[in-house]
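Here is the structure we will look at, set down as structure tokens.
Next up, the structure:
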């Protein structure tokens, strides 16, 4: 079966000194061709990357390698990649309206206990891949730590330009951005210590398949974290969405994120579109993800929210093994998500370690 040709890419103005656009050495050593996994080489004469077989050429858009390769599923299932990509091209999420410095990004990230603990507990020399980074705020946040290599990959160039623009303005030199297809990530196998995909897989045609694709890039004994909409925890948002579709945007009155004082207008709009106007999403249970882990050779480490009666707090050790509990423990955790009104959109995070 013939592989599809690379998509037609927009032209990129080539700087007089193409070395300015060349990917950094830390990023370049990780990259491979998304079509066949062959090595990539930099061609300074035209400011592009080409695979060593000479079959594919990849331009850089404002220094961002455009390594998106479309899925080659041959009609075996519906592919929503293009639809979701278009949605986020028009509605980047989240935006940077309330983030204008390194310090303000740190302050914003510190509001998430999970984000703060990941940053504190990951080794400073870790190599990190954020699959579906959006506007790259988490990638930039983790990239502020010296010694790390943090790569954010996303399909949407508008989001990536915002991410790289912030990176460049504040010299976050350990953060790097690449245009990718999550199902065909253009990185060497087993090259990352930590892979995270938070709030992304449930917007794809096949979340488990996407999980397997990013797991291939994780080193043995490396950690993975995936954030998904929960089958029960997401229900309050879906009920709210039904009201909005019936009565209009005024029915969003019950979403505290939209009407509280914590969000500026741009972030309110981005949250509203992502939660109530998204064209595709799926919902998942803790037990389902445990099955994904088992099939992929990943051992369960942790869950946010915590399974059972324990609360996830500032004292939690994110990467230390926790018990998965019983079926009733896991059901109780998800029922609590439902009863508390679907906080964070009904998102839960599962952390595992590759065997």
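Numbering (this note's numbering), first residue to last: -11 to 343. Using N, Cα and C, we set each Cβ at its ideal position, and we do this for glycine too. All of these numbers come straight from a predicted model, not from anything done at the bench.
{"Item": "Which whole-angstrom value is the C-beta distance of residue 306 and residue 290, which I expect to be below 8 Å?", "Value": "6 Å"}
{"Item": "So, are the CB atoms of residue 166 and residue 55 less than 8 Å apart?", "Value": "yes"}
{"Item": "Less than 8 Å between the CB atoms is what I'm expecting for residue 69 and residue 143, so what's the real figure, rounded?", "Value": "7 Å"}
{"Item": "Going along the chain, which residues of its own chain have a beta-carbon closer than 7 Å to the beta-carbon of residue 347, five neighbours each way excluded?", "Value": "The shown model of the chain, from -11 to 343, leaves out residue 347, and the question about it has no answer."}
{"Item": "Who does residue 217 pair with in a DSSP beta bridge?", "Value": "335"}
{"Item": "Skipping 5 residues on each side, what residues in its chain have a beta carbon closer than 8 Å to that of residue 352?", "Value": "Here the chain has residues from -11 to 343 only, and residue 352 is not among them."}
{"Item": "Whole-angstrom Cβ separation of residue 104 and residue 97, contact assumed at under 8 Å?", "Value": "7 Å"}
{"Item": "The alpha helix (DSSP H) that contains residue 320, what's its start and end?", "Value": "315 to 327"}
{"Item": "Following the continuous beta strand (DSSP E) through residue 69, name the residue where it begins and the one where it ends.", "Value": "Element bounds for residue 69: not the beta strand (DSSP E) but the alpha helix (DSSP H), 69 to 78."}
{"Item": "If you scan the region 79 to 127 from start to end, which runs of the alpha helix (DSSP H) of 4 or more residues do you find wholly inside it?", "Value": "90 to 98 and 101 to 109"}
{"Item": "Is it buried or exposed, residue 358, if we count other Cβ atoms within 10 angstroms and call 16 or more buried?", "Value": "The structure shown does not extend to residue 358, since the chain spans only -11 to 343, so no value can be given for it."}
{"Item": "When the Cα of residue 14 is compared with those of 59, 52, 66 and 162, which residue comes out closest?", "Value": "162"}
{"Item": "Whose C-alpha, out of 110, 205 and 73, is nearest the C-alpha of residue 145?", "Value": "73"}
{"Item": "Rounded to whole angstroms, what's the CA-CA distance from residue 180 to residue 239? Just pull it up for me.", "Value": "44 Å"}
{"Item": "Whole-angstrom Cβ separation of residue 342 and residue 209, contact assumed at under 8 Å?", "Value": "6 Å"}
{"Item": "Can you tell me the Cβ-Cβ gap for residue 155 and residue 128, rounded? I've got them flagged as a contact below 8 Å.", "Value": "6 Å"}
{"Item": "Keeping to the same chain, check which residues put their C-beta closer than 7 Å to that of residue 46; ignore five residues upstream and five downstream.", "Value": "36, 37, 53, 54 and 55"}
{"Item": "If you follow the alpha helix (DSSP H) that residue 16 is part of, which residue opens it and which one closes it?", "Value": "13 to 16"}
{"Item": "Alpha carbons only, please: which of 132, 75, 106 and 335 is nearest the one belonging to residue 89?", "Value": "132"}
{"Item": "May I have the straight-line CA-CA distance separating residue 231 from residue 322, to the nearest angstrom?", "Value": "23 Å"}
{"Item": "Which residues does DSSP pair with residue 138 in a beta bridge?", "Value": "116 and 163"}
{"Item": "Could you give the distance in angstroms between the alpha-carbon of residue 43 and the alpha-carbon of residue 205?", "Value": "23 Å"}
{"Item": "Helix, strand or coil for residue 340? Go by DSSP, reduced to three states.", "Value": "strand"}
{"Item": "Applying the criterion that 16 or more other CB atoms from any shown protein chain within 10 Å of the CB defines a buried residue, is residue 355 buried or exposed?", "Value": "Residue numbering for the chain in the displayed model covers -11 to 343; residue 355 lies beyond these limits and cannot be assessed."}
{"Item": "Since residue 27 sits in a beta bridge, which residues does DSSP pair it with?", "Value": "20"}
{"Item": "Starting from the C-beta of residue 280, find all residues in its chain whose C-beta is less than 7 Å away, skip the five residues before and the five after it, and write them out in chain order.", "Value": "196 and 199"}
{"Item": "In whole angstroms, what separates the C-alpha of residue 327 from that of residue 257?", "Value": "26 Å"}
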